[in-house]
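In mature numbering (1 follows the signal peptide of the UniProt record, and there is no 0), the protein residues as written are -20 to -1, 1 to 316.
I have placed the structure first, in the form of structure tokens, so that the comments after it can refer back to it.
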Amino acid sequence: MKRIVMMIACLVGLSTVAIAQNQNQTDIEETLYSNLTTWKQIESHLPEGFRTSPSTMPEESFTDWNGWKIHLDSYKNEDAPAKVILLHGVGGNGRLLSFIAVPLFNAGYEVIAPDLPGYGNSIVQKRKVVYEDWVNLVSFLIDQEKAKDQRPVFVFGLSAGGMLAYHAAAKNPQVAGVIATNLLDQRDKRVRDASTGSKLKSRVLVPMLKFTSLFAGGAMLPMKKVANMKAIVNDEEVLKLLLNDEKSSGTKVPLRFLTSLIKAKPAVEPEDFQIPVLLVHPGDDLWTPTWTSEVFFNRLSGKKELKILENAGHFPIEQPGISQLPEYAIRFLRFR
């Protein structure tokens, strides 16, 4: 078993891969973003209107789910006409999406940005996390928000969070609409080639991962070694901050999470999905070009719209794309 794991380690550029299964991470003390600095450094690279301020700073809290403590950034507005659950991908966390949350909040919407299991400040048993946990958590949050009141709930996902938003809406049809910057169906080999950054990883490593996860599912791999994380953002200074941040792009994920992500199947395939979808795809995405999302988007039979964020990278922080993102999203929210 160790030999096979070490072969995978060599393929992804690692010297060692920990395979201990019994670490309980639910004993970790709660951490708040107010006590951390990396997100603030990243935010300093954003245009001023997309940064948090004393009046737009989210309320931090933890909600109990599945025996874990899930960290939430909540931009509360009881008078908001709708609520948006904002979802990060495999290189982010809830706080790093403040550049989307702030303009939505300023436009009058309520926003909830969770740290998905394995990322940010959520307290979970990381080695046990699978992609289905992400889908089930978002469905739980949808139920939780609908139980509070009957305002419409939208799901908005960035990067891999886009497909997560779709999967959650397919599982929980209480959703009023789906907004995504990417719709990456990892079941498609072409999409997987782009996501990993090489056919060697996609066509050789992935099958090995699937096999190895059967008996070493808790083996931890740095996400930046498995995915083409160097293309997550086009700004070199922001990239360095992200790759060194253990709360986001610099985190490690278990093999079982990767394999479950790759083979994830939605409860409803796009041909039968009727919830409205807005795809706001970055126009200068060096990681997953527009066609990687169009593979899935073109199969959608319901109401759908595609908008391109001009000059924006995968993490869309460049003008004019960063301004177009909330503009298109707000227009979609208003007419649903």
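Glycine is no exception: its CB is placed at the ideal position from the N, C-alpha and C atoms.
From a predicted model like this one, the values you see are computed outputs, not experimental measurements.
Selection from the options that minimises the alpha carbon distance to residue i
i: Gly88; options: Leu138, Gln299, Lys204 and Lys63; result: Lys63
i: Ile22; options: His294, Phe136, Lys220 and Ile302; result: Lys220
i: Met200; options: Gly142, Asp165, Lys106 and Ala160; result: Lys106
i: Asp165; options: Trp271, Glu298 and Val82; result: Trp271
i: Arg75; options: Lys126, Gln124, Asn15 and Phe120; result: Asn15
i: Ile65; options: Pro269, Thr36, Asp123 and Ala244; result: Asp123
i: Glu58; options: Glu125, Leu77, Thr192 and Ser24; result: Glu125
i: Val109; options: Leu163, Pro250, Ala93 and Val70; result: Val70
i: Arg170; options: Lys227, Trp45, Ile242 and Lys56; result: Ile242
i: Leu144; options: Ser240, Leu305, Ser303 and Ser54; result: Ser240
i: Thr176; options: Val155, Ile212, Leu194 and Val158; result: Ile212
i: Lys205; options: Asn214, Lys190 and Leu185; result: Leu185
i: His68; options: Ala244, Gly137, Tyr111 and Asn208; result: Gly137
i: Trp45; options: Pro250, Ser119 and Met209; result: Ser119
i: Ala148; options: Leu121, Pro202, Ser139 and Lys210; result: Leu121
i: Pro250; options: Phe277, Pro234 and Arg31; result: Phe277
i: Lys56; options: Glu39, Lys49 and Ile50; result: Glu39
i: Asp264; options: Lys49, Asn291 and Arg183; result: Asn291
i: Pro83; options: Lys49, His51 and Ser33; result: Ser33
i: Thr192; options: Leu259, Tyr111, Pro234 and Ile302; result: Pro234
i: Arg279; options: Gln254, Met203 and Phe295; result: Gln254
i: His25; options: Asp129, Phe295 and Ile310; result: Phe295
Residue burial classification, residue i (beta-carbon count within 10 angstroms, cutoff 16)
i: Phe315; result: exposed
i: Leu12; result: exposed
i: Asp113; result: buried
i: Ser178; result: exposed
i: Pro246; result: buried
i: Gly293; result: buried
i: Trp19; result: buried
i: Thr161; result: buried
i: Pro262; result: buried
i: Ala127; result: exposed
i: Thr17; result: exposed
i: Gly141; result: buried
i: Pro27; result: exposed
i: Asp53; result: buried
i: Ser281; result: exposed
i: Arg172; result: buried
i: Asn224; result: exposed
i: Arg236; result: buried
i: Leu305; result: buried
i: Asn101; result: buried
i: Gly29; result: exposed
i: Ser139; result: buried
i: Lys(-19); result: Confidence at Lys(-19) is low in this model, with a pLDDT of 49, below 50, so the placement of that residue should be treated as unreliable; the coordinate-derived value is given next. So Lys(-19) counts as exposed.
i: Pro300; result: exposed
i: Leu194; result: exposed
i: Pro187; result: exposed
Whole-angstrom C-beta distance between residue j and residue i, which should lie under 8 Å
i: Lys284; j: Val257; result: 5 Å
i: Glu10; j: Phe42; result: 6 Å
i: Val104; j: Lys151; result: 20 Å between Cβ atoms; not a contact.
i: Ala60; j: Arg131; result: 7 Å
i: Pro94; j: Leu77; result: No, Pro94 and Leu77 are not in contact; Cβ-Cβ is about 10 Å, not under 8 Å.
i: Ser273; j: Asn73; result: Wrong, their Cβ atoms sit about 22 Å apart, outside the cutoff.
i: Asn214; j: Glu298; result: 7 Å
i: Tyr99; j: Thr231; result: 6 Å
i: Thr36; j: Phe85; result: 6 Å
Residues that residue i bridges to, as DSSP identifies them
i: His51; result: Phe42
i: His261; result: Ile288
i: Lys232; result: Pro202
i: Lys63; result: Glu90 and Val133
i: Ile103; result: Lys49
DSSP three-state assignment for residue i, whether helix, strand or coil
i: Ala93; result: strand
i: Ile255; result: coil
i: Lys126; result: helix
i: Val133; result: strand
i: Val115; result: helix
i: Ile159; result: strand
i: Ile302; result: helix
i: Ile10; result: The amino acid occupying residue 10 in the given sequence is Glu; Ile does not appear at that position. If DSSP states are grouped into helix, strand and coil, Glu10 belongs with coil.
i: Lys169; result: helix
i: Glu217; result: helix
i: Glu249; result: coil
i: Phe315; result: coil
i: Met143; result: helix
Any C-beta of chain E under 8 Å from that of residue i
i: Leu235; result: Note that chain E does not occur in the displayed structure, where there is just one protein chain.
Near the ligand COA: residue i beta-carbon under 7 Å from a heavy atom
i: Asn101; result: Only the bare structure without any ligand can be found here, which leaves the ligand COA out of the picture.
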